[in-house]
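Read the sequence shown against our numbering and you will find it ends at 196, with the numbers running on by one and no gaps.
Below is one structure; the comments refer to it alone.
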Amino acid sequence: MRKKMTWILTVLLLLAAMPAVTATSLWSDAGSAATMFSDRKARNVGDTITIIVEEQTSAANRADTNTKKDSNVNMGAGSGFLLKAVGGASNTYGDKYASSGSTSRSNSLTAKITAQVIEVKPNGNLVISGKQTIKVNGEDQKISVTGTVRPEDISPDNTVYSTALADSNVQVNGKGVLASKQKPGLLHRLFGWLF
């Protein structure tokens, strides 16, 4: 019996000497309003979101101009001495101008770019901005996207299509050999300015 009592006292002393153990959850969302059953979507400043850029634009413009002007002036001989000596005079003038021009342009852009939330509006909409630089064969291509997105337009995998952005600004700028070859040369620009 004494042995049993010594053993129980030893266990109780060991339990009393141990620090307190607290249970914590394995799930932590760092204070956001999401539940543990929802996917992690961008909702705070600094959060990242993937923008799927799929833009297609086309524009056509045509202008035609036609003008015509005719002018006739006839003077007969008058009754005075000087006018009888000069006789009659006649002048006919005509001017015609015709011009036409048209432009047509079509663009297609497909890209994926990761952006950051830079502002949360009072209504919950997110202002996002992202930039990406790609270098291919010595050509730099810079893509920048900014806009405002509603939280309900963000898909469960934290992506949004560029067509769902309000006040969107999608820019693509290139720099390199190919981009410089698409600009008119100095002489061409000079003649275009002169004539």
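All C-beta atoms, glycine included, are put in the ideal place defined by N, C-alpha and C.
Since this is a predicted model, take the numbers as computed values, not measurements.
Asked: Spatial neighbours of P152 in its chain, beta-carbon cut-off 8 Å, leaving aside the 5 residues before and after; Found: K42, R44, G125, N126, L127
Asked: K70 to T104 span [Cα, whole Å]; Found: 28 Å
Asked: Neighbourhood of D141 by C-beta, 8 Å cutoff - its chain only, sequence neighbours within 5 removed; Found: T134, I135, G175, K176, G177
Asked: Between the CA atoms of N67 and V171 - distance to the nearest angstrom; Found: 39 Å
Asked: Option nearest S101 by Cα separation, candidates S145, S156, A64, A165; Found: A64
Asked: Same chain only: Cβ atoms within 8 Å of V121, ignoring 5 sequence neighbours per side; Found: R44, N45, V46, L127, V128
Asked: Inter-residue spacing [alpha-carbon to alpha-carbon] between I50 and A60; Found: 31 Å
Asked: CB contact flag (I198, G139, <7 Å); Found: The chain is shown from 2 up to 196; residue 198 falls before or after that span and cannot be answered.
Asked: V146 to A21 span [Cα, whole Å]; Found: 52 Å
Asked: A116, buried or exposed, once every other Cβ within 10 Å from all chains shown has been counted against 16; Found: buried
Asked: Residue nearest to N159 in terms of C-alpha spacing, selected from A18, I144, I53; Found: I53
Asked: Local conformation of V46 per DSSP, three classes; Found: coil
Asked: First through last residue of the beta strand (DSSP E) which encompasses K132; Found: 127 to 137
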